[in-house]
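S.K.:
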Amino acid sequence: MNPELLIGRLEAFAYQLRNLVKDLPKDQARWRPAEGGLSVLEIVGHLCDRELLEFRPRLELTLRDPEKSWPRVEPDDGLEELNYNERELDREAERFQRERLKSVQWLRNLGAANWTSTHEHPKKGPVRAGDLLVSWASHDAHMMRAIAHRSFDLSQRDAPGFNSDYVGGWEGEPRP
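Numbered by the numbering used here, the letters in the sequence shown go through residues 6 to 181 in order.
Here it is as structure tokens:
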């Protein structure tokens, strides 16, 4: 594993996310498709919470005291109660960037970390510190894909009677 490359990806995503969502009108940022899924604003709020409540604290505990229980965080737990869609997209993206850059600084200051330090997760079994680091970077890719999917959905919504067959649908690999 090359932690510096993964940490570099985490840092790059702090800037990529802000650029990805800047200038998105409020109604589009808050829109959810009828068939379900998160709005762009909810995705960004989810990223903020996972940064603060899950990835950074769990990795820190795994490196420092792998026997200690992790903070409990359930995916999409209380999504409606968190009122992500009532927040301001620019503020949430800025909050994410600020917290992510703190995480990157913390990671870079770790020095020679024991990436094989292992926490025993009650459902997933053994989770190494390195597994958390790669999952953190992979989660960013999943969320970028989710934002791209929402953008695709918005294009479909805003063109009733027309289709995107020219470039293909969402399923499968897009044509370059």
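Ideal Cβ positions, reconstructed from N, Cα and C, are used throughout, including at glycine. In this text, all values refer to a predicted model and were calculated from it rather than measured experimentally.
Take Pro38 and list the residues in its own chain whose beta-carbon comes closer than 7 Å to its own, dropping the five residues that flank it on each side.
M.R.: If you number the sequence shown from 1, residue 38 lands on position 33. Hits under 7 Å: Asp158.
S.K.: By Cβ distance, which residues of its chain are closer than 6 Å to Trp36, with the 5 residues on each side in sequence left out?
M.R.: Here residue 36 corresponds to residue number 31 of the sequence shown, with the count starting at 1. These residues qualify, in order along the chain: Ser44.
S.K.: I'd like the span of the beta strand (DSSP E) that includes Arg133, first residue to last.
M.R.: For the purposes of this step, residue 133 is taken as the residue at position 128 of the sequence shown. From DSSP, the beta strand (DSSP E) with Arg133 extends over Gly130 to Arg133.
S.K.: In whole angstroms, give me the CA-to-CA distance for His124 and Asp170.
M.R.: For the purposes of this step, residue 124 is taken as residue 119 along the sequence shown, with counting starting at 1. For the purposes of this step, residue 170 is taken as residue 165 along the sequence shown, with counting starting at 1. For His124 and Asp170, the distance between alpha carbons rounds to 47 Å.
S.K.: Under a Cβ-count criterion, where at least 16 other Cβ atoms within 10 Å of its own Cβ denotes burial, should Leu58 be classed as buried or exposed?
M.R.: Counted from its first residue, the sequence shown places residue 58 at position 53. Burial call: exposed.
S.K.: Nearest to Ala17 by CA position, among Glu72, Ser143 and Leu115, is which residue?
M.R.: Counted from its first residue, the sequence shown places residue 17 at position 12. Out of Glu72, Ser143 and Leu115, Ser143 has the C-alpha closest to the C-alpha of Ala17.
S.K.: Measure from the C-beta of Ala19 to each C-beta in chain B and report whether the shortest distance is under 8 Å.
M.R.: Note that chain B does not occur in the displayed structure, where there is just one protein chain.
S.K.: When the Cα atoms are used, what is the spatial distance from Pro30 to Pro131?
M.R.: Position 25 of the sequence shown holds residue 30. Position 126 of the sequence shown holds residue 131. Between Pro30 and Pro131, the C-alpha separation is close to 43 Å.
S.K.: Would the segment 62–77 and the segment 85–99 be scored as touching if the rule is three or more Cβ pairs under 8 Å?
M.R.: Result no; under three Cβ-Cβ pairs closer than 8 Å.
S.K.: Whose CA, out of Asn114, Asn119, Leu46 and Ala153, lies closest to the CA of Ala34?
M.R.: Residue 34 sits at position 29 when you count from the first residue of the sequence shown. Comparing Cα positions, the closest option is Leu46.
S.K.: What is the DSSP secondary structure of Glu176, reduced to helix, strand or coil?
M.R.: As a position in the sequence shown, residue 176 is number 171, starting the count at 1. Coil.
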